[in-house]
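Chains as they are written, first to last, in this note's numbering: chain U, 1 to 335; chain P, 336 to 670. Note that CB positions come from ideal geometry on N, CA and C, so glycine has one too.
There are 2 protein chains.
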Amino acid sequence: MKLYNVAILGATGEVGREMLKILKERNFPVGELRLLASARSVGKVMEFGDRKVTVEEAGENSFAGMDIVLGAASNDLAKKFAPFITAAGAVFVDNSSAFRMNPDVPLVIPEINAEDVKYNKGIISNPNCSTIITLMAVKGINKLSKITAMNAATYQAVSGAGAGGPIELHTQNEALLNGGAIECKTFPYQIAQNLIPQIGSFLEDGYTTEEMKMQNEGRKIFHNQDLKVTCTCVRVPVVRSHSIAVSVYTENKLSVEDVKAAIAKEDGCRLVDDPANKKYPMPLDTSDQNIVFVGRIRKDLLFENGITLFCCGDQVRKGAATNAVQIAEEVIRLK
Amino acid sequence: MKLYNVAILGATGEVGREMLKILKERNFPVGELRLLASARSVGKVMEFGDRKVTVEEAGENSFAGMDIVLGAASNDLAKKFAPFITAAGAVFVDNSSAFRMNPDVPLVIPEINAEDVKYNKGIISNPNCSTIITLMAVKGINKLSKITAMNAATYQAVSGAGAGGPIELHTQNEALLNGGAIECKTFPYQIAQNLIPQIGSFLEDGYTTEEMKMQNEGRKIFHNQDLKVTCTCVRVPVVRSHSIAVSVYTENKLSVEDVKAAIAKEDGCRLVDDPANKKYPMPLDTSDQNIVFVGRIRKDLLFENGITLFCCGDQVRKGAATNAVQIAEEVIRLK
Numbered sequence: 001m002k003l004y005n006v007a008i009l010g011a012t013g014e015v016g017r018e019m020l021k022i023l024k025e026r027n028f029p030v031g032e033l034r035l036l037a038s039a040r041s042v043g044k045v046m047e048f049g050d051r052k053v054t055v056e057e058a059g060e061n062s063f064a065g066m067d068i069v070l071g072a073a074s075n076d077l078a079k080k081f082a083p084f085i086t087a088a089g090a091v092f093v094d095n096s097s098a099f100r101m102n103p104d105v106p107l108v109i110p111e112i113n114a115e116d117v118k119y120n121k122g123i124i125s126n127p128n129c130s131t132i133i134t135l136m137a138v139k140g141i142n143k144l145s146k147i148t149a150m151n152a153a154t155y156q157a158v159s160g161a162g163a164g165g166p167i168e169l170h171t172q173n174e175a176l177l178n179g180g181a182i183e184c185k186t187f188p189y190q191i192a193q194n195l196i197p198q199i200g201s202f203l204e205d206g207y208t209t210e211e212m213k214m215q216n217e218g219r220k221i222f223h224n225q226d227l228k229v230t231c232t233c234v235r236v237p238v239v240r241s242h243s244i245a246v247s248v249y250t251e252n253k254l255s256v257e258d259v260k261a262a263i264a265k266e267d268g269c270r271l272v273d274d275p276a277n278k279k280y281p282m283p284l285d286t287s288d289q290n291i292v293f294v295g296r297i298r299k300d301l302l303f304e305n306g307i308t309l310f311c312c313g314d315q316v317r318k319g320a321a322t323n324a325v326q327i328a329e330e331v332i333r334l335k
Numbered sequence: 336m337k338l339y340n341v342a343i344l345g346a347t348g349e350v351g352r353e354m355l356k357i358l359k360e361r362n363f364p365v366g367e368l369r370l371l372a373s374a375r376s377v378g379k380v381m382e383f384g385d386r387k388v389t390v391e392e393a394g395e396n397s398f399a400g401m402d403i404v405l406g407a408a409s410n411d412l413a414k415k416f417a418p419f420i421t422a423a424g425a426v427f428v429d430n431s432s433a434f435r436m437n438p439d440v441p442l443v444i445p446e447i448n449a450e451d452v453k454y455n456k457g458i459i460s461n462p463n464c465s466t467i468i469t470l471m472a473v474k475g476i477n478k479l480s481k482i483t484a485m486n487a488a489t490y491q492a493v494s495g496a497g498a499g500g501p502i503e504l505h506t507q508n509e510a511l512l513n514g515g516a517i518e519c520k521t522f523p524y525q526i527a528q529n530l531i532p533q534i535g536s537f538l539e540d541g542y543t544t545e546e547m548k549m550q551n552e553g554r555k556i557f558h559n560q561d562l563k564v565t566c567t568c569v570r571v572p573v574v575r576s577h578s579i580a581v582s583v584y585t586e587n588k589l590s591v592e593d594v595k596a597a598i599a600k601e602d603g604c605r606l607v608d609d610p611a612n613k614k615y616p617m618p619l620d621t622s623d624q625n626i627v628f629v630g631r632i633r634k635d636l637l638f639e640n641g642i643t644l645f646c647c648g649d650q651v652r653k654g655a656a657t658n659a660v661q662i663a664e665e666v667i668r669l670k
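Next comes the structure, spelled out in structure tokens:
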């Protein structure tokens, strides 16, 4: 079996650690493994199966000899290191949003547009987490009839904000139970027993950067420049797995039965839709796995050509690390 | 000052206790006060200002001499006692959903359709909690241009399920922190750090009874039988205050500025919409008060005649008890 040298940029963060786990889980043919992070993590030892790998500081010369670099760092670091990664001849599969809308950079959910990997010039972007989960849930609908518009409201877990999110929720829950001061470091306000309707920063028109990703990235992934998406992103006190309530509008009218049958057949999706037995997607059930659960499928009441549904998926896995490793699998398949 | 004899049916529950508090807060001219509940609460003493009132068992003869009966009991109990309440000459302001769609029963949010109180024949219904909060948030828009449709996703607090909801969230949070078994009595699944996309029971078409209330009750309150509403109701691990992400479609195109100005002037609403300073509605901020907060107001991206916003309100107060007491105020104003 041919092996590929892999580096993880940002290996010690929430997504980086998950990438390491998923490379192993999916038996990615890893040759040399380089774990790169900032200076303060240098010397930390991480396990990869039987191997123990010491974290190195990411630098301009860190990428020599690498075939694949999985990026789990900030936009700034992605931009800083991208030229050095591609100059070293590696393919950069980047989870940041730095290059997603660059026309030379494929933006890929392998179950939807794997073939786009082919036009890469050294960088492939991993889409936004809520976008991946929503598009995974509706891709079967898009095959029945082209999706023209979506109205989405998200319920996003605290782990979407990085490792600090779950710690903050835990610490605040402890303070609420035992009587202590509520401290806010990761989030601008208390998140325990609260909701924060802001993820990302605000644009001029009142939308957040996070909210616009579903339209902008959805257009690129579905190859549909006319797709319209209205989205409201809300942080909820859930540890892991994002959920989305979404109404999907299509060119043709679809029956609920056909939509259910289509979603049940889709790779990476599970139809969880049996109201009589109280079966529907819940974030607790999708956590720590790669499958997106889709349920509550019903006719939209505003427009004939509409379907409304609820979906959940683990945003650290399918919404980030798993999707990135799947892209890397496509890259080596094409080599 | 003329005083009115008031009974609370279901006085010991979440909403009943709040009704008692709000009668006092709003200086309702209470003469005799009768607190009615099931046999197991009989003898319990509740405070109303300086008065101490002993809870009595609700029975067919409990309503003699009463002017107003505030209902905070189940649909079944509301149906059982309604004939005795009206026969006793009292006006029944009922928070259950038993009579809401009855054409002889006004369904009233006083800031919207106070005049409907006039056609009552002894029963006036208090609308569903999420419906009240959403319609309060959008009533200013409806004045600018008739609302034709809404797409809503709710984030509903555990106290919406009665007194057992907050206890269950607390107990489960304790178990998660200290390591105990998760018990589910009020909700079908763990609600701590989870979401449950079911409130009410399921209808044939896949919607829940709760989800259909926003369309059915919205039509009656706004006097608009053509109003279309698609709604997804989700229980979230928040103690108090429901939140709703809603897209509102109107006959005419509206500007965001006009909508903000209109909402800012509405009774019972507060415009909380200053993204640059991270000001937006959050359930923690609206809890234990009567005002509905409205923010995140922006142009909908699907349709020209659309506005998308986020609102929060205390569903035990304005969503139930406060609204019922306000209806009672209208009743005595008309006497």
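Compute the beta-carbon to beta-carbon distance between residue 408 of chain P and residue 345 of chain P, rounded to the nearest angstrom, for a pair I have assumed lies under 8 angstroms. Against the second sequence, residue 408 of chain P aligns to sequence position 73. Against the second sequence, residue 345 of chain P aligns to sequence position 10. Rounded to the nearest angstrom, the Cβ distance from residue 408 of chain P to residue 345 of chain P is 4 angstroms, consistent with a contact under 8 angstroms.
Just to make sure I have the definition right: I need the residues of chain P whose C-beta is within less than 7 angstroms of the C-beta of residue 318 of chain U. Which are they? By one-based count along the first sequence, residue 318 of chain U stands at place 318. Within chain P, no residue comes near residue 318 of chain U; the closest Cβ sits about 18 angstroms away, beyond 7 angstroms.
Residues in the segment 263-282 of chain U having any Cβ partner in chain P nearer than 9 angstroms: Within the segment 263-282 of chain U, the residues whose Cβ lies closer than 9 angstroms to some Cβ of chain P are 273, 275, 276, 278, 280, 281 and 282, listed in chain order.
Cα separation between residue 30 of chain U and residue 8 of chain U? Working through the first sequence from its first residue, we reach residue 30 of chain U at position 30. Working through the first sequence from its first residue, we reach residue 8 of chain U at position 8. Distance between the alpha carbons of residue 30 of chain U and residue 8 of chain U is about 12 angstroms.
So residue 133 of chain U packs on residue 99 of chain U, CB below 8 angstroms; how close in whole Å? The sequence position of residue 133 of chain U within the first sequence is 133, counting from 1. The sequence position of residue 99 of chain U within the first sequence is 99, counting from 1. Rounded, the Cβ-Cβ distance is 21 angstroms, inconsistent with contact.
Evaluate the contact criterion for the segment 91-111 of chain U versus the segment 349-357 of chain P: three or more CB pairs, one atom per stretch, below 8 angstroms. Under the 8 angstroms Cβ criterion, the segment 91-111 of chain U does not count as touching the segment 349-357 of chain P, having fewer than three qualifying pairs.
Neighbourhood of residue 243 of chain U by C-beta, 6 angstroms cutoff - its chain only, sequence neighbours within 5 removed: For the purposes of this step, residue 243 of chain U is taken as residue 243 along the first sequence, with counting starting at 1. Excluding positions up to five away in sequence, the list reads 155, 283 and 312.
State the CB to CB distance for the pair residue 665 of chain P and residue 452 of chain P, rounded to an integer number of angstroms; the pair is presumed to be in contact (CB under 8 angstroms). In the second sequence, the residue the question calls residue 665 of chain P occupies position 330. In the second sequence, the residue the question calls residue 452 of chain P occupies position 117. About 4 angstroms separates the two Cβ atoms, so the contact holds.
Near-chain P residues of the segment 173-207 of chain U (beta-carbon distance less than 8 angstroms), N- to C-terminal order: Interface annotation for the segment 173-207 of chain U against chain P: 173, 174, 176, 177, 188, 189, 190, 193, 194, 195, 196, 197, 198, 202, 205, 206 and 207, criterion Cβ-Cβ distance under 8 angstroms.
With distances taken Cα to Cα, identify the nearest neighbour of residue 14 of chain U among U/143, U/221, U/167 and U/69. Position 14 of the first sequence, counting from 1, holds the residue named residue 14 of chain U. Ranking U/143, U/221, U/167 and U/69 by Cα distance to residue 14 of chain U puts U/167 first.
Alpha-carbon to alpha-carbon, residue 32 of chain U and residue 545 of chain P: Mapped onto the second sequence, residue 545 of chain P falls at position 210. Mapped onto the first sequence, residue 32 of chain U falls at position 32. So the alpha carbons of these two residues sit roughly 56 angstroms apart.
Around the Cβ of residue 381 of chain P, are there at least 16 other Cβ atoms within 10 angstroms (buried) or fewer (exposed)? Residue numbering aside, residue 381 of chain P sits at position 46 when the second sequence is read from its first letter. Of the residues assessed, residue 381 of chain P falls on the buried side of the cut-off, its CB having 16 or more other CB atoms within 10 angstroms.
Helix, strand or coil at residue 37 of chain U [DSSP, three-state]: Along the first sequence, one-based indexing puts residue 37 of chain U at 37. DSSP, read as helix, strand or coil, puts residue 37 of chain U in strand.
Interface flag, residue 213 of chain U vs chain P, CB-CB below 9 angstroms: To locate residue 213 of chain U, count along the first sequence from 1; it is residue 213. No - not a single Cβ of chain P is within 9 angstroms of the one on residue 213 of chain U.
Can you name, in chain order, every residue of its own chain whose Cβ lies under 7 angstroms from the Cβ of residue 390 of chain P, other than the five neighbours on each side? Walking along the second sequence from the start, residue 390 of chain P turns up at place 55. Within the same chain, residue 390 of chain P has close Cβ partners 346, 347, 370, 372, 376, 377, 378, 379 and 381.
Identify which residue in U/138, U/237 and U/220 has its Cα closest to the Cα of residue 187 of chain U. Residue 187 of chain U sits at position 187 when you count from the first residue of the first sequence. From the listed residues U/138, U/237 and U/220, the smallest Cα separation to residue 187 of chain U is found for U/237.
With a threshold of 9 angstroms between beta carbons, is residue 140 of chain U in contact with chain P? Locating residue 140 of chain U in the first sequence gives position 140, counting from the first residue. Against chain P, the CB of residue 140 of chain U has no partner CB under 9 angstroms away; the residue lies outside that interface.
Contact check, residue 144 of chain U vs residue 217 of chain U, beta carbons under 9 angstroms: For the purposes of this step, residue 144 of chain U is identified with residue 144 of the first sequence, where counting begins at 1. For the purposes of this step, residue 217 of chain U is identified with residue 217 of the first sequence, where counting begins at 1. Contact annotation: residue 144 of chain U and residue 217 of chain U have beta-carbon atoms that are not nearer than 9 angstroms.
Nearest by alpha-carbon distance to residue 39 of chain U: which of U/28, U/81, U/247 and U/58 is it? As a first step, residue 39 of chain U must be located in the first sequence, where it is residue number 39. It is U/58 whose Cα lies nearest to the Cα of residue 39 of chain U.
Listing by chain order, which chain P residues have their CB less than 8 angstroms from the CB of residue 228 of chain U? By one-based count along the first sequence, residue 228 of chain U stands at place 228. Among the residues of chain P, those whose CB is under 8 angstroms from the CB of residue 228 of chain U are 636 and 637, following chain order.
Span of the alpha helix (DSSP H), counted from its first residue to its last, around residue 547 of chain P: Walking along the second sequence from the start, residue 547 of chain P turns up at place 212. First-last of the alpha helix (DSSP H) with residue 547 of chain P: 544-556.
Using CA coordinates, which residue listed in P/516, P/631, P/598 and P/650 is at the minimum distance from residue 574 of chain P? In the second sequence, the residue the question calls residue 574 of chain P occupies position 239. Among P/516, P/631, P/598 and P/650, the Cα nearest to that of residue 574 of chain P belongs to P/650.
Per DSSP, what kind of secondary structure is residue 602 of chain P in: helix, strand or coil? As a first step, residue 602 of chain P is located in the second sequence; it is residue number 267 there, counting from the start. If DSSP states are grouped into helix, strand and coil, residue 602 of chain P belongs with coil.
Specify, as a first and last residue, the run of the beta strand (DSSP E) that residue 563 of chain P falls within. Counting from 1 along the second sequence, the entry for residue 563 of chain P is found at position 228. For residue 563 of chain P, the enclosing beta strand (DSSP E) stretches over residues 563-567.
Cβ distance (whole Å) where residue 356 of chain U is taken to contact residue 164 of chain U below 8 angstroms: This structure cannot speak to residue 356 of chain U, because chain U is shown only from 1 to 335.
Name, going along the chain, the residues of the segment 242-260 of chain U whose beta-carbon falls closer than 8 angstroms to a beta-carbon of chain P. Sequence-ordered contacts of the segment 242-260 of chain U with chain P read 243, 245, 247, 249 and 256 [C-beta pairs closer than 8 angstroms].
Hey, how far is the Cα of residue 207 of chain U from the Cα of residue 585 of chain P? For the purposes of this step, residue 207 of chain U is taken as residue 207 along the first sequence, with counting starting at 1. For the purposes of this step, residue 585 of chain P is taken as residue 250 along the second sequence, with counting starting at 1. Taking the straight line joining both Cα atoms gives about 20 angstroms.
Mind pulling the chain P residues with CB within less than 7 angstroms of residue 297 of chain U? One-based indexing of the first sequence puts residue 297 of chain U at position 297. What residue 297 of chain U touches in chain P: 541.
Residue(s) in a DSSP beta bridge with residue 235 of chain U: Translated into the one-based positions of the first sequence, residue 235 of chain U becomes position 235. Answer by DSSP bridge pairing, in chain order: U/156 and U/196.
Could you tell me which residues DSSP puts in a beta bridge with residue 285 of chain U? Residue mapping note: residue 285 of chain U aligns to position 285 of the first sequence, counting from 1. Residue 285 of chain U is not bridged to any residue.
Within chain U, partners of residue 657 of chain P - CB distance below 7 angstroms: Residue 657 of chain P sits at position 322 when you count from the first residue of the second sequence. Residues of chain U passing the Cβ test: none, with the nearest at roughly 21 angstroms.
Can we say the segment 250-260 of chain U touches the segment 299-307 of chain U, given the rule of at least three CB pairs closer than 8 angstroms? Proximity of the segment 250-260 of chain U to the segment 299-307 of chain U meets the contact definition, three or more beta-carbon pairs being nearer than 8 angstroms.
On the criterion of 16 or more Cβ atoms from any shown chain inside 10 Å, does residue 402 of chain P qualify as buried, or is it exposed? Against the second sequence, residue 402 of chain P aligns to sequence position 67. Classification of residue 402 of chain P: buried, given that the 10 Å Cβ count is 16 or more.
Give the straight-line distance between the Cα atoms of residue 628 of chain P and residue 527 of chain P, rounded to the nearest whole angstrom. As a first step, residue 628 of chain P is located in the second sequence; it is residue number 293 there, counting from the start. As a first step, residue 527 of chain P is located in the second sequence; it is residue number 192 there, counting from the start. Taking the straight line joining both Cα atoms gives about 25 angstroms.
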